[in-house]
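Below: one structure, written as structure tokens.
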Amino acid sequence: MATETERQSVIATAHRRYATRAFDPDRRVSPEDLRAILEAGRLAPSSFGYEPWKFLVVRDEELRAELAPLAVGAGAVLRGGAELVIILFKRGVVHDSPHAAHIVTDVLGVDFDPDADLSQMFKGFQEQLLGLSSPEDVDHWAQRQTYIALANMLSAAAALDIDSVPVEGFAVSAVTDLLAARGLIDPAEWGVSVMAGFGYRAEEIRPKRRRDYDEVVQVIG
1045 MATETERQSV IATAHRRYAT RAFDPDRRVS PEDLRAILEA GRLAPSSFGY
1095 EPWKFLVVRD EELRAELAPL AVGAGAVLRG GAELVIILFK RGVVHDSPHA
1145 AHIVTDVLGV DFDPDADLSQ MFKGFQEQLL GLSSPEDVDH WAQRQTYIAL
1195 ANMLSAAAAL DIDSVPVEGF AVSAVTDLLA ARGLIDPAEW GVSVMAGFGY
1245 RAEEIRPKRR RDYDEVVQVI G
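Its first residue numbered 1045, the sequence shown is counted upward by one per residue in our numbering.
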């Protein structure tokens, strides 16, 4: 069992995480710290370990300027010179897809066979248990997975005393078109899920306002 000190450390880190609305342009996240944050995202759990995501770290100033009117929710990130990460989701992740073959062969080190037990289990999981009956359903499932990676990144940043903000305030179609025009993504293969900014705040952290524990948590049995 963890000690009370260890438990309080976890809670303190959760309090430390704060959706920052103003970043200090004179302070930058070190390459080593950013790598650790991105590694936390890379190591996040995913359904069947299929990792339906990719992270774009956007430093190109011209691209950031083009993103500004399309991603108003990232305004503080772009103005403050913070690191901007765009999280993509992989389209078409099904049991016999090229992505599934890549994960099984190149990551798990197993010969890929769409009729093998693992592949068929994944097929049944998607089609029968989750009821994913269309390509759109599959893509929505993959997109939801990316939020697990996002949460890992935000928590890792807080543990490193680095500020962050998750960003959903952007025009998905326009951002997708821009990234495609830049040759950064193939929209048939990748969709834009969510963004996040990482840097150092130029404001005080406001105390969290949350519902009471007993209102949020219900123990059954």
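Positions of the beta carbon are idealized from the N, C-alpha and C atoms, including for glycine.
Over what stretch of residues does the beta strand (DSSP E) that includes residue i continue unbroken?
i: L1111; result: Not the beta strand (DSSP E): L1111 falls in the alpha helix (DSSP H), residues 1105-1111.
Judging by CA-CA distance, which residue of the options is the nearest neighbour of residue i?
i: D1230; options: L1132, I1264, S1178; result: L1132
i: V1270; options: D1256, I1249, A1240, E1247; result: Because residue 1270 is not part of the residues shown, which for the chain are 1045 to 1265, the question remains open.
i: E1110; options: E1095, R1226, I1264, R1255; result: R1226
i: V1137; options: P1096, L1114, A1201, G1085; result: P1096
i: D1155; options: D1140, F1169, E1171; result: D1140
i: G1213; options: D1157, S1053, R1065; result: R1065
i: G1243; options: A1218, D1256, A1200; result: A1200
Tell me whether residue i sits in a helix, a strand or coil according to DSSP, three-state version.
i: K1167; result: helix
i: L1128; result: strand
i: L1100; result: strand
i: F1067; result: strand
i: M1239; result: strand
i: R1079; result: helix
i: F1092; result: helix
i: R1245; result: strand
Please report the distance separating the alpha-carbon of residue i from that of residue j.
i: Q1164; j: A1145; result: 13 Å
i: I1206; j: R1254; result: 22 Å
i: A1215; j: L1198; result: 22 Å
i: R1135; j: A1224; result: 15 Å
Over what stretch of residues does the alpha helix (DSSP H) that includes residue i continue unbroken?
i: I1055; result: 1048-1060
i: R1123; result: 1119-1123
i: V1260; result: 1257-1260
i: P1142; result: 1142-1146
Any chance you could list the beta strand (DSSP E) runs of at least 3 consecutive residues sitting entirely within the region 1168-1221, in chain order? Here the runs fully enclosed are 1207-1211.
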